[in-house]
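Report on the structure given below.
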């Protein structure tokens, strides 16, 4: 029988602080999701007028990849909202309704975008929450 309370590698594994390692792994996963999204969408367009649309598409696809792998995708949601992406699109990308997307990430993303609670989100955030806020 294994005694998991004795000192040794298992005790060290269970006691080691992991916050920094979690942040590093999460950041690496987000970076790789972005690389994979760019690879799937192909090269950046040469036409300047198509660049914003392509950038949003990359962000949406990276979010889909992160969400599918179980990585905390809050940073991607905040980025998408900053780009003006609606809860409808975020929900579709996550395979859930816009209401479910707003319920899952709305308060957290608003806390980041409006860190002082002034109601000023500071950017082109989609104004599509009026019927979602209880």
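Numbering (the working numbering), first residue to last: 961 to 1094. Ideal Cβ placement from N, Cα and C applies to all residues, glycine included.
In this structure, residue 997 keeps its C-beta atom at 8 Å or more from the C-beta atom of residue 1031. Comparing C-alpha distances from residue 993 to each of 1033, 1045 and 972 shows the shortest one belongs to 1033. In this structure, DSSP gives residue 1056 a state outside helix and strand, which the three-state scheme calls coil. Annotated three-state conformation of residue 1006 is coil, per DSSP. The beta-carbon distance between residue 1053 and residue 1020, rounded to whole angstroms, is 5 Å. This is short enough to meet the 8 Å contact definition.
Per DSSP, residue 1092 lies in no alpha helix (DSSP H) segment and is marked neither H nor E.
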